[in-house]
Amino acid sequence: MVSPHGIKLAVHLISAYFGDIVSKVCECLLRKGTLSLQQVLRFTELNKENAANSLLVLIQHNCVQAFSIEQQGGFMEQPKMVTHYMALHDNIIHHMRFSKFLAIISDEFGQECMEIFEGLLQHGRLSMNQIVDRYKDKHKSHTSEENSTAANVAHENFNKLAQAHYIERCPAREPYLESEKEDDTAGKKKTAKSKMNDPSQTLEARALAAATPMESIRFLVESDTYTNGAPDDNSKKNPTTEIVGEKRKQNFLEPEKKEILWRVNFEEFVRHFRHKCCITHVTTRMDNVAGIVLSAIFEATRRDETKVKMEKTVPLPIDRIYEEAIKREEGRSLSLERVRDSLVQLGCELPIIGLELDETYSIDLKKIIDEAQAQEVESVVLKKYGREAYRIFRLLLQSKRLCETDQIWMATFVDKKDALKILFQLWKDDLLHMERVANEGQKLESLCWKLNKVSVWEQVLDDMYHAALNLKLRLVHELEQAKEILRKGKSVGDEVLAKRKKVGEKWEVLDSSLMILDDAIMLFHDF
Numbered sequence: 001m002v003s004p005h006g007i008k009l010a011v012h013l014i015s016a017y018f019g020d021i022v023s024k025v026c027e028c029l030l031r032k033g034t035l036s037l038q039q040v041l042r043f044t045e046l047n048k049e050n051a052a053n054s055l056l057v058l059i060q061h062n063c064v065q066a067f068s069i070e071q072q073g074g075f076m077e078q079p080k081m082v083t084h085y086m087a088l089h090d091n092i093i094h095h096m097r098f099s100k101f102l103a104i105i106s107d108e109f110g111q112e113c114m115e116i117f118e119g120l121l122q123h124g125r126l127s128m129n130q131i132v133d134r135y136k137d138k139h140k141s142h143t144s145e146e147n148s149t150a151a152n153v154a155h156e157n158f159n160k161l162a163q164a165h166y167i168e169r170c171p172a173r174e175p176y177l178e179s180e181k182e183d184d185t186a187g188k189k190k191t192a193k194s195k196m197n198d199p200s201q202t203l204e205a206r207a208l209a210a211a212t213p214m215e216s217i218r219f220l221v222e223s224d225t226y227t228n229g230a231p232d233d234n235s236k237k238n239p240t241t242e243i244v245g246e247k248r249k250q251n252f253l254e255p256e257k258k259e260i261l262w263r264v265n266f267e268e269f270v271r272h273f274r275h276k277c278c279i280t281h282v283t284t285r286m287d288n289v290a291g292i293v294l295s296a297i298f299e300a301t302r303r304d305e306t307k308v309k310m311e312k313t314v315p316l317p318i319d320r321i322y323e324e325a326i327k328r329e330e331g332r333s334l335s336l337e338r339v340r341d342s343l344v345q346l347g348c349e350l351p352i353i354g355l356e357l358d359e360t361y362s363i364d365l366k367k368i369i370d371e372a373q374a375q376e377v378e379s380v381v382l383k384k385y386g387r388e389a390y391r392i393f394r395l396l397l398q399s400k401r402l403c404e405t406d407q408i409w410m411a412t413f414v415d416k417k418d419a420l421k422i423l424f425q426l427w428k429d430d431l432l433h434m435e436r437v438a439n440e441g442q443k444l445e446s447l448c449w450k451l452n453k454v455s456v457w458e459q460v461l462d463d464m465y466h467a468a469l470n471l472k473l474r475l476v477h478e479l480e481q482a483k484e485i486l487r488k489g490k491s492v493g494d495e496v497l498a499k500r501k502k503v504g505e506k507w508e509v510l511d512s513s514l515m516i517l518d519d520a521i522m523l524f525h526d527f
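According to full-length UniProt numbering, the sequence shown is numbered sequentially starting from 1.
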């Protein structure tokens with residue numbers, strides 16, 4: 001379930017990128033849920049052409065996933081296939097992280113890879129040939145008469161991105177889902193394929209599972225996709241004066257191959273940011289060595305992670321961890337014993353004596369993320385409610401059970417009247433759960449309190465979406481206000497130059513604040 005301000009932020013991003021008509025369709029899907037085209041037309045009151053084109057734009061940019069499902073007809077009517085569309089809120093929000101994605105690619109692979117990657121960000125989905133053609137057009141003045149050199153460079157850089165899992169094959173455009181009745185009649189026996197048709201899953205989850213390419217081909221770059229970009233040796237040997245009729249017959253007999261489309265793999269970037277968040281947190285809370293060791297574990301197990309939200313790292317032998325840690329310049333002076341101490345510091349238990357051959361370690365990542373989230377929420381409570389409320393909130397966060405009012409004010413050294421006032425304020429804002437417990441002996445009622453963690457976390461995330469939306473709107477406002485100044489040249493005088501500089505500095509501060517806020521949003525939503 002997407003929060004109210006999460007929807008507003010997503011709609012604003014779509015409006016900024018693609019205009020009001022597309023954002024109207026997107027907002028309809030976000031608020032109403034999965035809909036057919038006829039339902040979209042009814043709710044948006046757009047004409048069919050505008051609605052259909054908007055859906056195509058959203059699909060092209062990975063903001064909507066289509067799927068078809070059999071719908072039962074009316075009396076004496078045959079069942080018919082109906083296409084449904086669901087908005088992908090996470091992918092929409094990723095649009096404001098494009099600058100972060102580009103920075104990662106630039107740092108790891110350089111400018112040429114970044115140019116290819118930038119094309120996928122701009123166009124959503126591209127084939128290999130489109131990527132190569134775009135690269136060749138961009139480097140016309142820098143290349144020789146032969147286009148094959150530029151094509152080969154493009155292929156090489158494309159391969160790097162695919163091997164690093166930063167790009168992936170696009171999901172199926174419109175997968176077919178069996179209806180629940182068909183699943184029931186198919187029998188109780190389940191196969192490996194039944195995951196995507198599991199009725200216990202939501203329709204949206206089944207659609208995403210059905211659309212996702214198999215892991216074995218998800219990042220596979222086939223050699224035959226190169227033939228249109230750079231001519232291979234066989235194409236040079238074949239005569240170009242081929243009989244037209246024979247060629248047409250050959251093309252007719254050969255099965256038509258659909259061009260493979262590629263897109264940015266957002267999951268890999270979320271994994272990258274999650275690792276970075278964990279490393280930063282343990283470095284701040286413990287020391288630099290703990291950060292180096294955790295970074296080494298992430299690097300060694302990067303390809304073994306089966307999902308983004310791994311609760312624990314893949315078990316790794318101590319020798320492998322040490323080997324990876326000393327590869328880094330800052331870790332070259334580390335000893336094996338120092339690495340072992342850091343692993344214990346990170347929450348790992350030392351293996352039983354006599355089992356040194358099986359000395360493997362696994363870090364509890366969920367615990368690290370939970371600590372980082374709690375730290376963020378505590379800072380929000382401190383700013384909003386004050387230091388006394390912060391102490392009470394922290395006590396209830398650490399407690400796993402109901403706490404009586406007397407226990408709370410005595411443990412936090414807050415005056416009883418002030419403590420009650422704070423507790424009721426937090427309860428009113430839906431941060432706490434309250435229960436009245438009767439005392440039979442004294443015939444009195446005592447108030448017991450417990451943190452409403454799910455509600456708190458949801459509120460904090462929604463407030464962050466709200467703040468991000470305000471920052472985006474402020475950036476747009478500042479840009480509109482400064483348009484006249486930005487259009488003027490540098491020869492207009494010192495006063496205008498000073499204004500231009502001020503606008504630039506203000507823009508940088510706002511953009512930097514948005515990126516910091518986005519890190520916090522990812523901490524609560526994606527990690």
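All C-beta atoms in this analysis are idealised placements derived from N, C-alpha and C, irrespective of residue type, glycine included.
| query | result |
| --- | --- |
| Short of 8 Å in beta carbon distance, which residues of its chain neighbour C26, apart from the five on each side in sequence? Order them along the chain. | A10, V11, I14, S54, L58, C63, V64, A87 and I92 |
| Report buried or exposed for A103, applying the criterion of at least 16 other Cβ atoms within 10 angstroms of its Cβ. | exposed |
| What's the gap between the Cα of Y17 and the Cα of S513? | 21 Å |
| Would K366 be called buried (16 or more neighbouring beta carbons within 10 Å of its own) or exposed? | exposed |
| Specify, as a first and last residue, the run of the alpha helix (DSSP H) that Y385 falls within. | L365 to Y385 |
| Compute the Euclidean distance between the alpha carbons of V289 and R274, then round it to the nearest angstrom. | 19 Å |
| Shortest alpha-carbon distance to V22 belongs to which of D107, E478, S455 and L46? | L46 |
| Based on DSSP bridge pairs, tell me the residues matched to E70. | M81 |
| Helix, strand or coil for A361? Go by DSSP, reduced to three states. | Checking the sequence, you will find Tyr at residue 361 rather than Ala. In this structure, Y361 counts as strand in the three-state DSSP scheme. |
| Is it right to say V437 is buried, meaning 16 or more other beta carbons lie within 10 angstroms of its own, or is it exposed? | exposed |
| Which same chain residues end up closer than 7 Å to L394 when comparing Cβ atoms and leaving out the 5 residues on each side of it in sequence? | Before going on, a small fix: residue 394 reads as Arg here, not Leu. So the list reads E378, once near-sequence residues are dropped. |
| Under 8 Å between the Cβ atoms of N159 and V221? | yes |
| In its own chain, which residues sit with a C-beta less than 6 Å from the C-beta of H433, not counting the 5 before and 5 after it? | K450 and N452 |
| Output needed for G354: all residues of its chain with C-beta closer than 7 Å, excluding positions within five of it in sequence on either side, in chain order. | Note that G354 scores a pLDDT of 48, beneath 50, so its modelled location is shaky and nothing firm can be said. |
| Give a yes or no on contact between the stretch 514-525 and the stretch 261-268, applying the rule of three or more CB pairs nearer than 8 Å. | no |
| Could you tell me which uninterrupted alpha helix (DSSP H) segments, each at least 4 residues in length, are contained entirely in the stretch 22-74, listed from first to last along the chain? | 37-44 and 48-60 |
| Taking the continuous beta strand (DSSP E) assigned at S455, which residues delimit it? | Here S455 belongs to no beta strand (DSSP E); instead the alpha helix (DSSP H) covers K453 to Q481. |
| Touch check for the stretch 321-337 and the stretch 279-297: three-plus C-beta pairs under 8 Å? | yes |
| How many whole angstroms separate the CB atoms of T360 and P315, which I take to be in contact at a CB cut-off of 8 Å? | 4 Å |
| Is the stretch 473-483 touching the stretch 500-509, taking contact as three or more C-beta pairs under 8 Å? | yes |
| Over the uninterrupted beta strand (DSSP E) stretch that includes R169, give me the two end residues. | I167 to R169 |
| Keeping to the same chain, check which residues put their C-beta closer than 8 Å to that of G245; ignore five residues upstream and five downstream. | For G245, the predicted model reports a pLDDT of 41, less than 50, meaning its position is unreliable; a value from the coordinates is still stated below. If we look at G245 and ignore the five residues flanking it on each side, it has no Cβ neighbours. |
| Under three-state DSSP, which class holds K499? | helix |
| Could you tell me which uninterrupted alpha helix (DSSP H) segments, each at least 4 residues in length, are contained entirely in the stretch 94-152, listed from first to last along the chain? | 98-109, 111-123 and 128-138 |
| Leaving out five residues on either side along the sequence, give the residues of the same chain with a beta carbon under 8 Å from the beta carbon of G124. | Q60, H61, N62 and R263 |
| For P317 and I521, I'd like the C-alpha separation in whole angstroms. | 34 Å |
| Please check the pair F101 and F219, which I expect to be a contact at CB under 8 Å, by giving their CB distance rounded to whole angstroms. | Between F219 and F101 the Cβ distance is about 17 Å, and since that is not below 8 Å, they are no contact. |
| Note down the Cα distance separating K8 from K472, rounded to an integer number of angstroms. | 11 Å |
| Looking at the structure shown, is V264 part of a helix, part of a strand, or coil, going by DSSP? | strand |
| Determine the direct distance from the alpha carbon of I69 to that of F117, and round the result to whole angstroms. | 34 Å |
| From D429 to E458, what does the alpha carbon distance come to, in whole angstroms? | 12 Å |
| Take D304 and list the residues in its own chain whose beta-carbon comes closer than 7 Å to its own, dropping the five residues that flank it on each side. | V314 |
| List the residues that DSSP assigns as beta-bridge partners of residue 532. | In the structure displayed, the chain extends from 1 to 527; residue 532 sits before or after that span and is not available. |
| Checking the sheet assignment: what are the DSSP bridge partners for K506? | In the DSSP output, where bridge partners are listed per residue, K506 has none listed. |
| If I measure Cβ to Cβ from Y385 and keep anything under 8 Å in the same chain, skipping five residues before and after, which residues do I get? | F393, I422, Q425 and L426 |
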